[in-house]
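Below is one structure, written out as structure tokens, with a few remarks after it.
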Amino acid sequence: MTPGHYETLLLDIDQDGIALLTVNRPDKLNALNSTVLSELESTVTRIREDDDVKLVILTGAGEKAFVAGADIKELNTLNSESGEELSRRGQEVFAGFENLGKPVIALVNGYALGGGAELAMACHMRIATDNAVFGLPEVGLGLIPGYGGTQRLPALIGKSKAMELILTGGQVKAGEAMSLGLVNGVYSTEQALDEAKKLASKILKNGPVAVEKAIEAVNSSDRPDGFEKEAALFGELCDTEDFKEGTSAFLDKRKPDFKGR
Ligand code: CO8
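Take 19 as the starting number for the sequence shown in my numbering and just add one per residue.
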């Protein structure tokens with residue numbers, strides 16, 4: 019896949035198959051307008067279909083913001099019908115990242131507010147820069163989080179603290195986000211991308227099908243059929259070449275050579 023031409027996104031794919039996807043509206047702190055949402059949706063489809071892309075790092079342009087939320091200018095004109103429609107649409111686009119079948123790491127480099135925090139939470143892991151700020155300020159706008167925040171935040175940090183953050187519209191800085199379990203690591207702005215890539219390369223050493231199924235299983239952890247799903251996926255993996263290779267390599271005392279099938 020050649021990097022795409024987008025109005026509001028930048029996409030770069032390196033030789034290791036790591037796609038760096040950047041929301042690129044720095045003058046509006048990368049706020050999610052309808053163009054960003056559409057372009058994120060089409061990029062997810064492209065990345066899903068491209069076997070050369072193994073993992074995604076999602077970030078925001080500039081040093082001030084990851085994504086400062088949904089575009090408030092666009093929100094201002096919503097009514098009950100268009101609001102519900104937009105909420106569902108955003109939920110679907112974000113679920114596209116969650117269910118991509120390839121790991122997605124959010125590199126949260128500044129403000130992650132409202133829809134920006136929700137986008138980061140839809141990713142599988144989050145690396146933050148030390149100036150990152152998370153918050154769901156929607157109640158201050160007379161709204162609630164509408165891109166999955168009321169569902170994913172309690173799953174990530176527990177209902178009580180999630181309730182506090184959502185009801186107060188309060189913000190947490192990187193250090194507190196780390197202690198809450200909202201992010202996987204905090205680094206300086208200069209270091210953070212390298213650290214995200216280090217995390218990526220640790221993941222990419224493993225069997226790609228196993229990684230995909232592990233994501234699917236963990237994504238099922240808050241569903242009633244989670245245990246059944248785990249057993250079914252485990253069984254599927256036992257029929258893969260990667261499983262034979264991984265176990266044989268251990269027994270032969272050599273490194274596995276996974277083929278991703
Ligand atoms: N939407 C639109 N424009 C934005 C947004 C935004 N969310 N955030 C920043 N901008 C724009 C500003 O208007 C400004 O533009 P301009 O230069 O043309 O005036 C530019 O970005 C720079 O911003 P500031 O001058 O405000 O920068 P500061 O450093 O002074 O402040 C803040 C940074 C604190 C991040 C501030 O910009 C801010 O509070 N932004 C809004 C944050 C917010 O409330 N986000 C939540 C939005 S609601 C939401 O995300 C709902 C998601 C669910 C939707 C469901 C759909 C139905």
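Built from N, CA and C at the ideal position, the CB exists for glycine as well.
Contact between the segment 136 to 156 and the segment 109 to 124 is established, with three or more Cβ pairs separated by less than 8 Å. Look at Arg107 here: in three-state DSSP terms it is helix. By the CB criterion at 8 Å, Ala124 and Asp89 fall outside the cutoff. The residues Gly187, in chain order, have a CB closer than 6 Å to that of Val157 in the same chain once the five nearest residues on each side in sequence are set aside. Not one heavy atom of the ligand CO8 falls within 7 Å of the beta-carbon of Ala180.
It is roughly 8 Å from the alpha-carbon of Ile162 to the alpha-carbon of Leu154. For Arg170, DSSP records no beta bridge to any residue. Look at Val190 here: in three-state DSSP terms it is strand.
The criterion of a C-beta distance shorter than 8 Å is not satisfied by Asp68 and Ala173. Cα atoms of Gly35 and Leu211: separation of roughly 15 Å, rounded to the nearest angstrom. By the CB criterion at 8 Å, Gly193 and Ser105 fall outside the cutoff. A distance below 8 Å separates the beta carbons of Thr26 and Glu57. Cβ-Cβ distances below 6 Å link Pro121 to Leu73, His142 and Ile221 in the same chain, with the five nearest sequence neighbours on each side left out; the list follows chain order.
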